[in-house]
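Novice:
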Amino acid sequence: MLSSAVNLVAALLALGTTANPLGNRDNSHDDSLFYITLEEHWISPAFSGPSLATLGPELTRQAAGPPAVIDEIGPIRLSNMTANHVRKQVISHPSTPRALEHPDLVACANDELAAAIACSPDRYAGFAFLPMAYPLQAAAELERCITQHGFVGALFDNHLINGTYYDGVVYRPFWAKAAALGVPIYLHPTWPNETAYLAEGGTYAPSDDGTSYPMSGGLLLGASAWGWHQDTGLHFLRLYAAGIFDEFPTLKIVLGHDGEMLPFMLDRTAVLLGPHNTKAKTSLLATWKRNVWVTTAGMFSLAPLAVVLRTTAVDRIMYSVDYPFSSNVRGHEFMTRLRESGMVTEREWRMVAYGNAQKLLGI
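Per mature numbering (1 follows the signal peptide of the UniProt record, and there is no 0): the sequence shown = residues -19 to -1, 1 to 344.
1. Can His216 and Tyr146 be called in contact, C-beta distance under 8 Å?
2. From Val273 to Lys233, what does the alpha carbon distance come to, in whole angstroms?
3. Tell me whether the beta-carbon of Gly240 lies closer than 8 Å to the beta-carbon of Val295.
4. Please state the DSSP three-state secondary structure of Gly343.
5. Cβ atoms of Met299 and Ala338: under 8 Å apart, would you say?
6. Select from Arg125, Ser60, Val252 the residue whose C-alpha is nearest the C-alpha of Val87.
7. For a quick check, are the C-beta atoms of Glu58 and Ile17 less than 8 Å apart?
8. Would you identify the three-state DSSP class for Met324, choosing helix, strand or coil?
9. Compute the beta-carbon to beta-carbon distance between Leu141 and Met113, rounded to the nearest angstrom, for a pair I have assumed lies under 8 Å.
10. Ignore the nearest five residues each way along the sequence and tell me which others in Ala278's own chain have a CB closer than 6 Å to its CB.
11. Here's a check: name, in chain order, each residue in its chain whose Cβ is nearer than 6 Å to the Cβ of Arg320, leaving out the five neighbours to either side.
12. Between Leu247, Leu265, Asn65, which has its C-alpha nearest Asp227's C-alpha?
13. Taking the alpha-carbon of Ala267 as reference, which of Cys100, Met332, Thr292 has the nearest alpha-carbon?
14. Using 8 Å for Cβ pairs, my map puts Gly134 next to Pro173. What's the rounded Cβ distance?
15. Can you give me the start and stop residues for the beta strand (DSSP E) that Thr68 sits inside?
16. Let's see if you can read the secondary structure: which residues bound the alpha helix (DSSP H) around Phe217?
17. Beta-carbon separation of Asn139 and Thr176 under 8 Å?
18. With respect to the alpha helix (DSSP H) encompassing Val289, which residues constitute its N-terminal and C-terminal limits?
19. Consult DSSP for Phe137 and reduce its assignment to one of helix, strand or coil.
20. Starting from Tyr16, follow its DSSP beta bridges and name the residues at the other end.
21. Can you pull the DSSP bridge partners for Leu228?
22. Ordered along the chain, which non-local residues of its own chain (more than five positions away) have a Cβ less than 6 Å from that of Gly312?
23. Leaving out the 5 sequence neighbours to the left and right, which residues in its chain are closer than 8 Å to Pro154 when beta-carbon positions are compared?
24. Using only the heavy atoms of the ligand GTP, determine whether one of them is closer than 7 Å to the beta carbon of Pro116.
25. What are the boundary residues of the alpha helix (DSSP H) that includes Trp269?
26. How long is the line joining the alpha carbons of Cys100 and Ile344, rounded to whole angstroms?
27. For a quick check, are the C-beta atoms of Leu220 and Thr250 less than 8 Å apart?
28. Rounded to the nearest angstrom, what separates Glu53 and Ser29 at their Cα positions?
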């Protein structure tokens, strides 16, 4: 047995192949291994400092506060990217719903992002932030960022601070512009307003019946632990039901966090929701196949990804991290597990790692 094993290893080495029965790989010197990540955040000077308390108070009232490096776009970020095989980040602003009502401030933030990208254009690309409270101005700002700054799409909060989604007639000019430009729109979760927090997060204040719990837990129930994911998925379904994807069939929508809960519910929802009871002319499954891309941002478990792979074509799935709210280290560990899991082929793994992003974004 021993001699047979030795002979097998020798034969593989003679062919230039490394035997590795456990499937583990030493990728530390593999120059062909790299990632392009799409949901990576930065707070520009226009949004930071005193402005952040007004524009994004939810960021500051979290127990841990915003990550210390959220406003850094220089050597710390680049070093972290390099150490974890991230060749390029597509950078966007994090959830600051009140900023959606300030077109001038949004334009300033986009200009600052463009200037930051220009310092390392081979490592960074940009998604525009848009003043979605004003659809015509949002359309104009999207076009400006694409044509003047070379941004590759837009990423913005899932709804306005008052809860308004973007499925109304007033938003048709914006969706028309996005379709005409041919760039992806990344619907990003955002903070619910106070009314929604109370409904989703429970009671924050001490109570005699013992039903209260720490405010930090309530915030997370309404936001990143659950609420804002299902809310973003609901927004996509509202766009579908409003007929947006039939009116603009070339629209490209990106949903993070393994599809914002939709892949798990997709088949059931498609049975109950369709042309028979909405303004949509195309089935939900056909729309999902035609108009949607999914990223792994912040989701580093193989189990939910297995559902995504069963419901979404592999050429529509893209690796992302959600830096700095999530870790490039954990992301790379996750991608290594995926590579060794047998869930995808090597070619498919590289599509998820960078190939699909290159194709979608033209980078």
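Each residue gets a CB set at the ideal place from its N, CA and C atoms; glycine is no exception.
Specialist: Result, derived from the coordinates:
1. Stepping through the sequence shown from its first residue, residue 216 is reached at position 235. Stepping through the sequence shown from its first residue, residue 146 is reached at position 165. The answer is yes: Cβ separation under 8 Å.
2. Within the sequence shown, the letter at position 292 stands for residue 273. Within the sequence shown, the letter at position 252 stands for residue 233. Rounded to whole angstroms, Val273 to Lys233 spans 6 Å at the Cα level.
3. For the purposes of this step, residue 240 is taken as residue 259 along the sequence shown, with counting starting at 1. For the purposes of this step, residue 295 is taken as residue 314 along the sequence shown, with counting starting at 1. No, the Cβ-Cβ distance between Gly240 and Val295 is not below 8 Å.
4. Walking along the sequence shown from the start, residue 343 turns up at place 362. Coil, per DSSP.
5. The residue given as residue 338 occupies position 357 in the sequence shown. The residue given as residue 299 occupies position 318 in the sequence shown. Judged by their CB atoms, Ala338 and Met299 are nearer to each other than the 8 Å cut-off.
6. The residue given as residue 87 occupies position 106 in the sequence shown. Selected option, being the one with the closest Cα: Arg125.
7. Here residue 58 refers to the residue found at position 77 of the sequence shown. Here residue 17 refers to the residue found at position 36 of the sequence shown. Just to set this straight, residue 58 is Arg in the shown sequence, not Glu. No, Cβ-Cβ distance for Arg58 and Ile17 is not below 8 Å.
8. Against the sequence shown, residue 324 aligns to sequence position 343. Coil, per DSSP.
9. As a working note, residue 141 is residue 160 in the sequence shown. As a working note, residue 113 is residue 132 in the sequence shown. The pair is a contact, with the Cβ atoms about 6 Å apart (cut-off 8 Å).
10. Translated into positions along the sequence shown, residue 278 becomes position 297. Taking C-beta separations shorter than 6 Å and ignoring five residues to either side along the sequence, the partners of Ala278 in its chain run Glu20, Gly237, His238, Ser301, Asp303, following chain order.
11. Against the sequence shown, residue 320 aligns to sequence position 339. Closer than 6 Å at the Cβ level, and outside the excluded window around Arg320, lie Trp330.
12. Position 246 of the sequence shown, counting from 1, holds the residue named residue 227. The shortest Cα separation from Asp227 among Leu247, Leu265, Asn65 belongs to Leu265.
13. Taking the sequence shown and counting its residues from 1, the one referred to as residue 267 is at position 286. Comparing Cα-Cα distances from Ala267 to each of Cys100, Met332, Thr292, the minimum goes to Thr292.
14. If you number the sequence shown from 1, residue 134 lands on position 153. If you number the sequence shown from 1, residue 173 lands on position 192. Not confirmed; about 25 Å, so no contact.
15. As a working note, residue 68 is residue 87 in the sequence shown. Reading the sequence as shown, one finds Arg at residue 68 and not Thr. 67 to 73 is the span of the beta strand (DSSP E), which, as asked, contains Arg68.
16. Start at 1 with the first residue of the sequence shown, and residue 217 comes out as number 236. Looking at the DSSP string, the run of the alpha helix (DSSP H) that includes Phe217 is 208 to 222.
17. What you label residue 139 is simply residue 158 of the sequence shown in a count that begins at 1. What you label residue 176 is simply residue 195 of the sequence shown in a count that begins at 1. No, they are not a contact pair.
18. As a working mapping, residue 289 is identified with position 308 in the sequence shown. Secondary structure note for Val289: its alpha helix (DSSP H) is the uninterrupted segment 283 to 292.
19. By 1-based counting over the sequence shown, the position of residue 137 is 156. Collapsing the DSSP output to three states places Phe137 in a strand.
20. Sequence index remark: in the sequence shown, residue 16 carries index 35 (1-based). DSSP output for Tyr16 lists Val67 as bridge partner(s).
21. Against the sequence shown, residue 228 aligns to sequence position 247. One point to set straight first is that residue 228 is Glu, not Leu, in the sequence displayed. Partner(s): none; Glu228 has no beta bridge.
22. Taking the sequence shown and counting its residues from 1, one reaches residue 312 at position 331. Closer than 6 Å at Cβ, skipping near neighbours: Val302.
23. Taking the sequence shown and counting its residues from 1, one reaches residue 154 at position 173. Taken in chain order, the residues that qualify are Pro116, Leu117, Ala120.
24. This structure lacks the ligand GTP; in fact it carries no ligand of any kind.
25. The residue labelled residue 269 in the question sits at position 288 within the sequence shown. Start and end: 265 to 272.
26. Against the sequence shown, residue 100 aligns to sequence position 119. Against the sequence shown, residue 344 aligns to sequence position 363. Roughly 17 Å between the two C-alpha positions.
27. For the purposes of this step, residue 220 is identified with residue 239 of the sequence shown, where counting begins at 1. For the purposes of this step, residue 250 is identified with residue 269 of the sequence shown, where counting begins at 1. In this structure, Thr250 does not lie closer than 8 Å to Leu220 by Cβ.
28. In the sequence shown, counting from the first residue as 1, residue 53 sits at position 72. In the sequence shown, counting from the first residue as 1, residue 29 sits at position 48. Taking C-alpha positions only, Glu53 is separated from Ser29 by approximately 11 Å.
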